[in-house]
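See below for the structure under consideration.
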Amino acid sequence: MRAVEFKVVAADPEPYCIVAPETVIHCEGNPIKREEEEETLNAVGYDDIGGCRKQLAQIKEMVELPLRHPSLFKAIGVKPPRGILMYGPPGTGKTLIARAVANETGAFFFLINGPEIMSKLAGESESNLRKAFEEAEKNSPAIIFIDEIDAIAPKREKTHGEVERRIVSQLLTLMDGMKKSSHVIVMAATNRPNSIDPALRRFGRFDREIDIGIPDATGRLEVLRIHTKNMKLADDVDLEQIAAESHGHVGADLASLCSEAALQQIREKMDLIDLEDDQIDAEVLNSLAVSMENFRYAMTKSSPSALRETVVEVPNTTWTDIGGLENVKRELQELVQYPVEHPDKFLKFGMQPSRGVLFYGPPGCGKTLLAKAIANECQANFISVKGPELLTMWFGESEANVRDIFDKARSASPCVLFFDELDSIAKSRGGNVGDAGGAADRVINQILTEMDGMGAKKNVFIIGATNRPDIIDPAILRPGRLDQLIYIPLPDEKSREAILRANLRKSPVADDVDLNYVAKVTQGFSGADLTEICQRACKLAIRQAIEAEIRRERDRAANQNSAMD
66 MRAVEFKVVA
76 ADPEPYCIVA
86 PETVIHCEGN
96 PIKREEEEET
106 LNAVGYDDIG
116 GCRKQLAQIK
126 EMVELPLRHP
136 SLFKAIGVKP
146 PRGILMYGPP
156 GTGKTLIARA
166 VANETGAFFF
176 LINGPEIMSK
186 LAGESESNLR
196 KAFEEAEKNS
206 PAIIFIDEID
216 AIAPKREKTH
226 GEVERRIVSQ
236 LLTLMDGMKK
246 SSHVIVMAAT
256 NRPNSIDPAL
266 RRFGRFDREI
276 DIGIPDATGR
286 LEVLRIHTKN
296 MKLADDVDLE
306 QIAAESHGHV
316 GADLASLCSE
326 AALQQIREKM
336 DLIDLEDDQI
346 DAEVLNSLAV
356 SMENFRYAMT
366 KSSPSALRET
376 VVEVPNTTWT
386 DIGGLENVKR
396 ELQELVQYPV
406 EHPDKFLKFG
416 MQPSRGVLFY
426 GPPGCGKTLL
436 AKAIANECQA
446 NFISVKGPEL
456 LTMWFGESEA
466 NVRDIFDKAR
476 SASPCVLFFD
486 ELDSIAKSRG
496 GNVGDAGGAA
506 DRVINQILTE
516 MDGMGAKKNV
526 FIIGATNRPD
536 IIDPAILRPG
546 RLDQLIYIPL
556 PDEKSREAIL
566 RANLRKSPVA
576 DDVDLNYVAK
586 VTQGFSGADL
596 TEICQRACKL
606 AIRQAIEAEI
616 RRERDRAANQ
626 NSAMD
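For the sequence shown, the positions run 66 to 630 when my numbering is used.
See the structure below:
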């Protein structure tokens, strides 16, 4: 038997008929492509978009009103918006929003992919653009969507190619030349808004710019619900928990997360599936359900796409890994953990949480370890910046690196941004003799500007660490920046014992080891020194164990030989 798919276009008598053996079926026309049919059935709507409710409301207002009720604008005597520019990191749903708006308004949708319009033949690229606008005007109300607009409309003064300049000029002319009566709206998307020609960004062209940013926890929950609505989930799956833990993930990352979790569930059942069989047992299929454990595994494999160039980690260092420093731990919890976990309390008392802290003290006392532990305790992302890595020989590049790091931290919020060896990039200004063009001073100025521009809503906490607080620029230490100074001293006897216990908690320790005595005789040792003592003791124990094993093997071999003789 062979299944034949067809689409019924007419029936006599109408509207319904029963197909019986004597029913005559006329087949004509081209075969229907199932993919195309499904594409129209699965048209994207507003319900398929999550994580950007506010932006979607703005776009609906700017697109639906002019397309559906142009008389409103005519009555009040103003021009309706002509263009909308959506910008934001890749994977946040810019293209999806444009398709949803077109489907919901019933408008004709014309997609222009930036790179596809380019042609090596002179004048053809501009001709392609003109055809798109003519086609849209014929089929109005229409939405023209230009994806990756930065590919066809870069800044003209920075472009060497003649084709790009002509395309920008053609696009400007077409947008200005749209008739008032034509119900055509131009939407564009990019993740590099600052590389677009500024002439396009004035009123009358792309007069509205909407930031489709990285979703917050509520937005992520909406996206997860959309992606899991057709998935078979186990009872233990807590989508709210997954949304809370997937900081920095955009819609595309969450789709990938759900897919990876489902694949992991299939992998777990692979031993029950015989791949040689054409049919998989119904019992196995019914037992498939994505569990919370699968999502946990997927989260270890998935990292936010917007942050893949920067090493963003959620550290696995906990308070138990740090011996001593009880007062410092308590202070850090108040400074970092409380604003992230209890923002309502700060709002109630009208208090702005502190934005930064500076650890100072002798080397090896656990400054870096503390920063990692606090990031882990409040489940925040952790970006570690080594001071010297920011500096480059190219003019303006170091400041751009600073801007980039802060942008990444804002995207990954809640985030702990840790500057190790802060004194290498934040020395007091004016004293850097022989500095190439004042690069170090410009880096400090950029850091100060970024710290001041950190929005209160963004949970980004800055931690600096140094063992030379005296040479750091005082402007960085004023209230509102790194306003909390915490001294990390050399550990006292009790703390030294706690550090030794923390280091040896995974090692087998003999009964005759007196850690109390070791702590007493290591006066003046730092945490790093004590860790080194523990490591050396472990190395010695490993060496002795291996030597004892070799001796036993030799003795056994010698005994066997003597027995044979």
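C-beta: ideal position from N, C-alpha, C; glycine also.
Rounded to whole angstroms, the gap between the alpha carbons of Phe174 and Glu213 is 16 Å. Assigned with DSSP and collapsed to three states, Leu390 falls in coil, not helix or strand.
Under the three-state reduction of DSSP, Ala491 is assigned to coil, being neither helix nor strand. Rounded to the nearest angstrom, the Cβ distance from Glu310 to Ala363 is 11 Å, too far for a contact under 8 Å. DSSP places Val73 outside any beta strand (DSSP E), giving it a letter other than H or E. In this model, Asp576 and Lys604 are separated by some 18 Å (Cα to Cα). Around the Cβ of Tyr552, a 10 Å sphere holds fewer than 16 other Cβ atoms; the residue is exposed. Sequence-distant Cβ neighbours of Ala474 in its own chain, meaning closer than 7 Å and more than five residues away, are Ile448, Cys480, Leu482 and Val525. The shortest CA-to-CA distance from Glu486 to any of Lys159, Asn510 and Leu455 is the one to Leu455. Residues of the same chain with a CB within less than 6 Å of the CB of Pro206, apart from the 5 flanking positions on each side, are Leu132, Ala172 and His248 in chain order. DSSP links Phe174 through a beta bridge to Ile208. DSSP lists Met151 and Asp212 as the bridge partner or partners of Ala254. In this structure, the beta-carbon distance from Ile208 to Ala163 falls below 8 Å.
Rounded to the nearest whole angstrom, the C-alpha separation of Pro86 and Glu93 is 20 Å. Closest by C-alpha distance to Ile250, out of Arg147, Ile114 and Arg494, is Arg147. Your pair Ile509 and Leu435 does not check out as a contact, with CB atoms roughly 24 Å apart and the cut at 8 Å. Between Leu150 and Ala108, the alpha-carbon positions lie close to 23 Å from each other. Checking the DSSP bridge columns, you'll see Thr157 has no partner listed. In the three-state reduction of the DSSP assignment, Phe483 falls in the strand class, which pools E and B. Counting every other CB atom within 10 Å of its CB across the protein chains shown gives Cys323 a total of 16 or more, marking it as buried.
Using a Cβ-Cβ distance cut-off of 8 Å, the stretch 423–434 and the stretch 544–558 are in contact, since at least three pairs of beta carbons, one from each stretch, lie closer than that value. In the structure shown, Thr382 adopts coil according to DSSP, grouped into three states. If you check the CB distance, Ala567 and Thr385 come in under 8 Å. Here the C-alpha atom of Pro428 lies approximately 19 Å from the C-alpha atom of Glu391.
Assignment of beta-bridge partners to Ala530 by DSSP yields Phe424. Contact fails between the stretch 185–200 and the stretch 351–359, because fewer than three Cβ pairs, one in each stretch, are under 8 Å apart.
Between the alpha carbons of Arg273 and Glu169 lies a distance of about 20 Å. In terms of CA proximity to Thr157, Ile277 leads the group Ile277, Ile541, Ser478 and Ile338.
Per DSSP, reduced to three states, the secondary structure at Ser478 is coil, with no helix or strand assignment. Within the model, the alpha-carbon separation for Tyr111 versus Leu289 is close to 15 Å. CA-to-CA, the gap between Thr596 and Ala218 works out to about 57 Å. Counting along the chain, Tyr552 sits inside no alpha helix (DSSP H); it lies in the beta strand (DSSP E) bounded by residues Gln549 to Tyr552. The C-alpha of Ile607 lies about 28 Å from the C-alpha of Pro556. Taking 8 Å as the cut-off, the beta carbon of Ile537 is found closer than this to the beta carbon of Ala491. Per DSSP, the unbroken alpha helix (DSSP H) holding Asn193 starts and ends at Glu189 to Lys203.
Two segments are said to touch when three or more pairs of C-beta atoms, one from each, lie closer than 8 Å; by this definition the stretch 343–351 does not touch the stretch 404–411.
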